[in-house]
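Protein chains in written order, with my numbering: chain A, 16 to 507; chain B, 650 to 1073.
Comments concern the structure below.
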Amino acid sequence: MSQIKSTAPSIFERSVPGRRAWLPPAPQFDTSRALDAIPESMRRAEPPALPEVSQLDMVRHFNTLAARNMGIDTTFYPLGSCTMKLNPWINETMATWPAFTALHPAAMDDARDCALLRVLHDLSQWLAALAGFDAVTLQPAAGAHGELTALMMIQKMLCERGETERRTVLIPDTAHGTNPASAARCGFRVKAVKSGDDGLVDLDSLRGLVGPDTAALMITNPNTLGLFEKNIEEICRIVHGAGGQVYLDGANFNAVVGVTRPGDWGADVMHINLHKTFSTPHGGGGPGAGPVCVKGHLEPYLPKPVIAERGGEIVFDHDRPHSIGKIHGWHGNVAVAVRAWAYIRSLGGEGLRRVAQMAVLNANYLRAKVAEFLPIPHGKPCMHEFVASGKPLRAHGVKTLDLAKALIDEGFHPPTIYFPLVVDEALMIEPTESESRETLDAFADTLRALCERATTDPDSITSAPQRAPVTRVDEATAARVPCLCWLPPESE
Amino acid sequence: MLTAIGCASIDELYRDVPEHLLLREAPALPPALSETDLVTELQRLTDEHPSDPRARAAFPLGGGWEPHASSALVHRLATLPPFLTAYTPYQAEASQGILQAFHEFQTMIAALLGCEIANASLYDGATGLAEAAFMAGEITSRGKNRRERAVVSETVAPHARAVMQSYFDAAGWEMVTIPQRGGTSDIDRVRDAIDERTCALVMAHPNFFGGLEDLRPVAELAHGGGALLVAMTEPSVLGIIESPGAMGADVVVADGCSLGLTPFAGGDTLGLFACRKDFIRKVPGRLVGTTKDSEGRRAHTLTLQTREQHIRREKATSNICTNQGLHALRAAIHLICLGPQGLREIGLATLAAAQAARAAANEMPGVEIAFDTPSAQSFVVTGQSPHLGLPLERWYPDLTSHFLVTASELTTAEQVKAWKEAVQ
Chain A
16 MSQIKSTAPS IFERSVPGRR AWLPPAPQFD TSRALDAIPE SMRRAEPPAL
66 PEVSQLDMVR HFNTLAARNM GIDTTFYPLG SCTMKLNPWI NETMATWPAF
116 TALHPAAMDD ARDCALLRVL HDLSQWLAAL AGFDAVTLQP AAGAHGELTA
166 LMMIQKMLCE RGETERRTVL IPDTAHGTNP ASAARCGFRV KAVKSGDDGL
216 VDLDSLRGLV GPDTAALMIT NPNTLGLFEK NIEEICRIVH GAGGQVYLDG
266 ANFNAVVGVT RPGDWGADVM HINLHKTFST PHGGGGPGAG PVCVKGHLEP
316 YLPKPVIAER GGEIVFDHDR PHSIGKIHGW HGNVAVAVRA WAYIRSLGGE
366 GLRRVAQMAV LNANYLRAKV AEFLPIPHGK PCMHEFVASG KPLRAHGVKT
416 LDLAKALIDE GFHPPTIYFP LVVDEALMIE PTESESRETL DAFADTLRAL
466 CERATTDPDS ITSAPQRAPV TRVDEATAAR VPCLCWLPPE SE
Chain B
650 MLTAIGCASI DELYRDVPEH LLLREAPALP PALSETDLVT ELQRLTDEHP
700 SDPRARAAFP LGGGWEPHAS SALVHRLATL PPFLTAYTPY QAEASQGILQ
750 AFHEFQTMIA ALLGCEIANA SLYDGATGLA EAAFMAGEIT SRGKNRRERA
800 VVSETVAPHA RAVMQSYFDA AGWEMVTIPQ RGGTSDIDRV RDAIDERTCA
850 LVMAHPNFFG GLEDLRPVAE LAHGGGALLV AMTEPSVLGI IESPGAMGAD
900 VVVADGCSLG LTPFAGGDTL GLFACRKDFI RKVPGRLVGT TKDSEGRRAH
950 TLTLQTREQH IRREKATSNI CTNQGLHALR AAIHLICLGP QGLREIGLAT
1000 LAAAQAARAA ANEMPGVEIA FDTPSAQSFV VTGQSPHLGL PLERWYPDLT
1050 SHFLVTASEL TTAEQVKAWK EAVQ
């Protein structure tokens, strides 16, 4: 980032009436009487207050904003559970091919064997093979959307089986917040499963919670502490024994892709984040994609239409009487699917296995370095990430939040902080396979230096950042007096 | 690196995985390809599996998924690496650029849809509609008097209604669909359908058939029954057509595909979501607000996060986390390219093209304009030729031999002529 301690003008402040950044195409038909057919009451009374800027001003505006932002392309970005790996540019370019971009969604419903269907079919098959499941839907637009889709399918299956008393979803206390939120959207009750001191699901706690009301367990493996739930088979047996389904949150699939398959662990259904494990860019928060993989018994409930092979041709199958219905307007974020197809095709099976291994190697290497100066409460080896605690710095008046902001000054994006909740002052660090040893060393050295400085010169940490576009942002005021739209100065 | 860890091999790092669960070999996938070979492979695939020319999104196919003109700058600026490769901006000080862009997006979307506030996007218009209905339920329910029922006009885009139905089925909420009449909403039946359990009346303007629906009286109907008016719309014509918000809709949702994105089989869109300011604490999805930094500079941050799943867990207003951030950025850049004048120009060009197509349809033997309501970008014809447009029967079983025709600012006289010839 450049733009240290500065304010970027709003695009509305750059606006001067009459200026234009771009001209739309010349009208193809005479527009002079076009409004006549629109009743007066239906005509727009006030034009929307869009900015009016020259093209150069617009270009400078967005380049200025870009310089006020960190991305994986500019900065090490060890944001835990977010898998900030390299986003190959070639995949971006392939997702702009007219063979894909020009397709009409409704016309696609009846399409036969076109390249996009081939790509979607390939991707579905490959994801099923990698995760060890029987069938896949690509409709969910993000991980949380995948969770919701999976729970809808479980709910529908239970309903058809007459097991409507199964209204409880069990979720470990280390889970992402989307898990309970998705369960609530389906009307399920949520019960938390405690983690043991080792950071793993406590089997006795689980045994005590399952029962005739259990619809499902939602479990993340590797979990958000970066640990592999080594009892995963027993966990599945306990839940299945009580008649429940096991939902596997695949947010952390990057640690194990090509090494072991969640389908073999006993899970019934799983979502995968294409924008994590399969390298599609996060774009500042999407678009992502959250395909859901299922075992055969859940296959009838997949959202429709389903990609199918008929006589050697790939088509959409709409005849799905047990389906939960549609969960995306059309076929999901298929532009993201094209990128993930390209990623898998680039690496092959051996390459993907290597991805997981290098991600785990990088995480353990960085873990060993960080463990020299910060406590890491949970065991080793870790998988793709680990969670350190900034608790010792509290004695010097320094919080994990301060440490995170100080990392920004040093040119690093901070790790995920204060999550999972079971670790005090948590710093959740995920380096991914993309980073070199030199980068990991530089990050560890910087973090060590900051922790040392926290003891000798804590003010320099608590006053960070000082070399970012803004100093510490007052989030409390933003929430107390919410201002979601730009307002002209006189009305502020 | 293994030495630093104190391990002899990579395999040792996986010692918590039960041994019988470890794959002995890498998964059987097609072999790895270099970048050059990857391009060749995709070229081969697209050459060998061409799409049916009739599956191309071009006049007369549309319904919100027609191509639109946009500047090369949309792609150029949105894919600047710090935007393209950033995560959700949890760390405000490291993310001022994209936060400000989202804030500008929210400002423009609120203005465009005629509302006071907008969020930073949802997955698509269809899921946005479901979220809007759930929000209406939370807002209109009073204690134990829950309102978990929505009345939906059949003139709302059918794929969006289908998604809303799935969401409602899962939540155990009731969705009542009021059949269309003459291409517009049947207001008498809508009036009768609103009851004390109804949280939302869901309409569209322009509707899926392109028809303009006066939302002012239905807003009164909804409000009189204690419900909210949720409206779907088409952003590309809002430079000339009155916005749903200005007509009284409490929540407005739309697909933003026409704002600098591509049809892409419906997989390159974003959900626009705008509403009244007093709903601010019930809104689903990310919100960006302004504040100050510790030295008094204007700064931006994600705000009201206590609505969200990572804080509230099962009590969150929605389960949404990742949204369509980069597409929100694209839409913002596109709207700046247009400006108020450009938005009006493409609106007028679209209207003129639709009227020219209507005139052409009038000259086609055996083809009739189905509905005589005023319309904007789309209209419905009846006839026998499959080339007429998007067949409606799949969604409206009683509309046999009805086709949706959609024009845009890109529709040419040649396209209209070719259409006429293909039909005849």
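Built from N, CA and C at the ideal position, the CB exists for glycine as well.
Predicted, not measured: the structure shown is a model, and the values here were computed from it.
Interface annotation for the region 778 to 801 of chain B against chain A: empty, criterion Cβ-Cβ distance under 7 angstroms. Judged by their CB atoms, threonine 804/B and alanine 876/B are not nearer to each other than the 8 angstroms cut-off. Using beta-carbon distances, leucine 1041/B does not count as an interface residue toward chain A, since no partner is under 8 angstroms. Residues of the region 940 to 953 of chain B with a Cβ closer than 7 angstroms to any Cβ of chain A, in chain order: Thr940, Lys941, Asp942, Ser943, Glu944, Arg946, Arg947, Ala948, Thr950, Thr952 and Leu953. The alpha helix (DSSP H) runs of length 4 or more contained entirely in the region 881 to 941 of chain B do not exist; there are none.
At least one beta carbon of chain B lies nearer than 8 angstroms to the beta carbon of arginine 58/A. Interface criterion met: the Cβ of glutamate 742/B is under 8 angstroms from a Cβ in chain A. DSSP, reduced to helix, strand and coil, places alanine 681/B outside both helices and strands of the structure shown, so it counts as coil. Distances from the alpha-carbon of serine 210/A to those of Thr239/A, Pro40/A and Arg182/A put Thr239/A closest.
Using a 10 angstroms sphere on the CB of valine 31/A, the tally of other CB atoms stays under 16, which defines it as exposed. Scanning Phe434/A, Leu362/A, Lys171/A and Ala270/A for the CA closest to the CA of leucine 317/A turns up Lys171/A. Sorting Ala1010/B, Gly905/B and Leu850/B by C-alpha distance to the C-alpha of glutamate 1070/B places Ala1010/B at the top.
Within the region 272 to 293 of chain A, Val272, Gly273, Val274, Thr275, Arg276, Asp279, Trp280, Asn288 and His290 place their CB atoms closer than 9 angstroms to a CB of chain B, listed in sequence order. Below 8 angstroms, enough C-beta pairs join the region 116 to 134 of chain A and the region 348 to 366 of chain A to call them touching: three or more. Here the region 962 to 970 of chain B makes contact with the region 199 to 209 of chain A; the two share three or more CB pairs at distances below 8 angstroms. Three or more beta-carbon pairs drawn from the region 901 to 913 of chain B and the region 971 to 984 of chain B are found closer than 8 angstroms, and the two stretches are therefore classed as touching. Taking 8 angstroms as the threshold, the shortest C-beta distance from valine 812/B to chain A falls below it.
When beta bridges are read from the DSSP output, histidine 949/B appears opposite Thr939/B. In chain A, no part has a C-beta under 8 angstroms from the C-beta of tyrosine 1045/B; the shortest such distance is about 13 angstroms. Under the Cβ criterion of 8 angstroms, serine 1034/B is not counted among the residues facing chain A. Considering only Thr950/B, Gln1064/B, Gln958/B and Met881/B, the residue with the shortest C-alpha distance to glycine 712/B is Met881/B. Within the region 130 to 160 of chain A, the runs of beta strand (DSSP E) that reach at least 3 residues and sit entirely inside it are, in chain order, 150 to 152.
For the pair phenylalanine 922/B and alanine 767/B, the CB atoms are nearer than the 8 angstroms cut-off. Taking 8 angstroms as the cut-off, the beta carbon of glycine 273/A is found no closer than this to the beta carbon of proline 680/B.
When only Cα atoms are considered, glycine 147/A and isoleucine 247/A end up about 15 angstroms apart. Going by C-alpha positions, aspartate 474/A is about 35 angstroms away from leucine 376/A.
If you check the CB distance, glutamate 67/A and glycine 988/B come in under 8 angstroms. In the same chain as arginine 354/A, and ignoring 5 residues on each side of it, the C-beta atoms closer than 6 angstroms to its own belong to Asn106, Ala110 and Thr295, in chain order. It is roughly 37 angstroms from the alpha-carbon of aspartate 128/A to the alpha-carbon of isoleucine 827/B. Contact fails between the region 780 to 799 of chain B and the region 1017 to 1031 of chain B, because fewer than three Cβ pairs, one in each stretch, are under 8 angstroms apart. Relative to leucine 864/B, the option among Pro807/B, Thr955/B, Val800/B and Glu891/B whose CA is nearest is Glu891/B. Against histidine 976/B, the close residues of chain A are Pro302, in the order they occur along the chain (beta-carbon pairs closer than 7 angstroms). In the three-state reduction of the DSSP assignment, alanine 41/A falls in the coil class, being assigned neither a helical nor a strand state.
In terms of Cα proximity to tyrosine 433/A, the closest of Asp334/A, Leu455/A and Gly192/A is Gly192/A.
DSSP assignment within the region 246 to 309 of chain A yields the following whole alpha helix (DSSP H) runs of 4 residues or more, N-terminal first: 247 to 256 and 277 to 280.
Using a CB distance cut-off of 8 angstroms, glutamine 1026/B does not count as an interface residue toward chain A.
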